[in-house]
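Residue numbers 1 to 227, in my numbering, belong to the letters of the sequence shown in order. Glycine included, C-beta positions come from ideal geometry on N, C-alpha and C. Predicted model only: the values in this text are computed from it and were never measured. Please read the structure below before turning to the comments.
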Amino acid sequence: MVYAIIFDMDGVVIDSNPYHKIGWTRFFNKKGVEVNDEIFKNLIFGTTGDEALKILLQKDLTQEEIDNYSYEIDEEYRNIIRQLSCVSPVTGLVDFLKSIKLSGHKIALATSAPSENVDLILKKLGIYEFFDLIVDKTQILRGKPNPEIYNTTVSKLSVDKGNCVVFEDSISGIMSASGAGITVIGVETSHSSDELIQAGASLTICDFSGMTIALMTELIMGKSIKK
Numbered sequence: 001m002v003y004a005i006i007f008d009m010d011g012v013v014i015d016s017n018p019y020h021k022i023g024w025t026r027f028f029n030k031k032g033v034e035v036n037d038e039i040f041k042n043l044i045f046g047t048t049g050d051e052a053l054k055i056l057l058q059k060d061l062t063q064e065e066i067d068n069y070s071y072e073i074d075e076e077y078r079n080i081i082r083q084l085s086c087v088s089p090v091t092g093l094v095d096f097l098k099s100i101k102l103s104g105h106k107i108a109l110a111t112s113a114p115s116e117n118v119d120l121i122l123k124k125l126g127i128y129e130f131f132d133l134i135v136d137k138t139q140i141l142r143g144k145p146n147p148e149i150y151n152t153t154v155s156k157l158s159v160d161k162g163n164c165v166v167f168e169d170s171i172s173g174i175m176s177a178s179g180a181g182i183t184v185i186g187v188e189t190s191h192s193s194d195e196l197i198q199a200g201a202s203l204t205i206c207d208f209s210g211m212t213i214a215l216m217t218e219l220i221m222g223k224s225i226k227k
């Protein structure tokens, strides 16, 4: 049986939230808008970037304005990443990716990030070649929590949803995967275990250090797994 393991990127493959915070903060400082941790947790990291911009700037924005602002914020983030001498993946991820590959299962990335971010992060981490499929912001019309990105990913993988597992760190991401009918494991980089479970995660982990193919198989088969 071939399974598909689908990863979100920010907060799952890499704990990038601290760097994103810097990029967003620099942007909003230029606009005279103050942002705090509560805003990041509940708005910026809890909804789409487009919606966050409209709400925080408190005005209607054209799609061109949104695209320009989003690019500016992402470029701030990319510059931060480029300047870092060393960037590490979430603990245990590389070994887990290796075990998935050795077992012959499929690996996909489903992220709301733009292609430029994906290429930079995966290559900086040295894990680009592990992924059989990458679906990013440019390939979808409706962002998370809409299930489109996961429906698209599963369709391209040609694997039954019942044989897939998604790793997500955000509430909107978990809602997206759950809405697509896929089992979700929450990664506790952005939210607490209780928050992730309440959003629809079947299990939560701090990192990938204890994650194995055997555990994945048990979860897919519907067996109860204790954290």
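Residues bridged to A108 (per DSSP): Start at 1 with the first residue of the sequence shown, and residue 108 comes out as number 108. In the DSSP output, where bridge partners are listed per residue, A108 has I6, L133.
Contact set for T204: own chain, Cβ-Cβ below 6 Å, skip 5 residues either direction: What you label residue 204 is simply residue 204 of the sequence shown in a count that begins at 1. For T204, where only same-chain residues beyond five positions count, the Cβ hits under 6 Å are G186, E188, S193, L196.
Sequence ranges, alpha helix (DSSP H) only - wholly within the region 167-212, length at least 4: 171-179, 193-199
Residues of its chain near S181, where Cβ-Cβ distance is below 7 Å and the 5 sequence neighbours each way are ignored: By 1-based counting over the sequence shown, the position of residue 181 is 181. Correcting the residue type first, residue 181 is Gly in the shown sequence and not Ser. These residues qualify, in order along the chain: K161.
For N117, the nearest candidate out of N79, L93, V159 (CA to CA): Looking up residue 117 in the sequence shown gives position 117. Of the listed residues, the one whose Cα sits closest to N117 is N79.
Through-space distance from S115 to L133, alpha-carbon basis: Taking the first residue of the sequence shown as position 1, residue 133 is located at position 133. Taking the first residue of the sequence shown as position 1, residue 115 is located at position 115. C-alpha separation (whole angstroms): 13 Å.
Burial state of S170 (16 or more Cβ within 10 Å): Position 170 of the sequence shown, counted from the start, is the residue given in the question as residue 170. It is buried - the Cβ of S170 has at least 16 other Cβ atoms within 10 Å.
Where the alpha helix (DSSP H) containing I55 begins and where it ends: The count along the sequence shown starts at 1 and reaches residue 55 at position 55. Run containing I55: 49-57, per the alpha helix (DSSP H) assignment.
Contact under 9 Å by Cβ, R26 with E76: As a working note, residue 26 is residue 26 in the sequence shown. As a working note, residue 76 is residue 76 in the sequence shown. Yes, they are a contact pair.
Simplified DSSP state of V154, which is helix, strand or coil: What you label residue 154 is simply residue 154 of the sequence shown in a count that begins at 1. Helix.
F40, enclosing alpha helix (DSSP H) - first and last residue: Walking along the sequence shown from the start, residue 40 turns up at place 40. Per DSSP, F40 belongs to no alpha helix (DSSP H) and is neither H nor E.
Where I14 falls: helix, strand or coil (DSSP): Counting from one through the sequence shown, the residue named residue 14 turns up at place 14. Strand, per DSSP.
Sequence-distant residues of the same chain with beta carbon closer than 7 Å to Y19, five excluded per side: Position 19 of the sequence shown holds residue 19. So the qualifying residues of the chain are Y77, I80, I81.
Pick from L120, I100, C206, I5 that is closest to D74, judged by C-alpha positions: In the sequence shown, residue 74 corresponds to position 74, counting from 1. The candidate whose alpha carbon is nearest that of D74 is L120.
DSSP three-state assignment for S224, whether helix, strand or coil: In the sequence shown, the residue the question calls residue 224 occupies position 224. For S224, the pLDDT reaches just 46, beneath the cut-off of 50, and the residue's location in the model is therefore unreliable, leaving the point undetermined.
As assigned by DSSP and simplified to three states, the class of V165: Residue mapping note: residue 165 aligns to position 165 of the sequence shown, counting from 1. In this structure, V165 counts as strand in the three-state DSSP scheme.
Distance between G49 and L97 (C-alpha atoms, nearest Å): Position 97 of the sequence shown, counted from the start, is the residue given in the question as residue 97. Position 49 of the sequence shown, counted from the start, is the residue given in the question as residue 49. Their Cα atoms are separated by approximately 29 Å.
Where the alpha helix (DSSP H) through E117 begins and ends: In the sequence shown, the residue the question calls residue 117 occupies position 117. According to the sequence shown, residue 117 is Asn rather than Glu. Element bounds for N117: 115-125.
Straight-line gap, V166 to V12 (C-alpha atoms, nearest Å): Taking the first residue of the sequence shown as 1, we reach residue 166 at position 166. Taking the first residue of the sequence shown as 1, we reach residue 12 at position 12. Taking the straight line from one Cα to the other gives about 10 Å.
Cβ-Cβ separation, I174 to A199 (assumed contact under 8 Å), whole Å: One-based indexing of the sequence shown puts residue 199 at position 199. One-based indexing of the sequence shown puts residue 174 at position 174. Sure, about 4 Å apart at Cβ, within 8 Å.
Where T62 falls: helix, strand or coil (DSSP): Reading the sequence shown from its first residue, position 62 is the one you call residue 62. Correct three-state label for T62: coil.
Secondary structure of D67, DSSP reduced to three states: Locating residue 67 in the sequence shown gives position 67, counting from the first residue. Helix, per DSSP.
Residue from S178, L43, G179 whose Cα sits closest to the Cα of K21: As a position in the sequence shown, residue 21 is number 21, starting the count at 1. Out of S178, L43, G179, L43 has the C-alpha closest to the C-alpha of K21.
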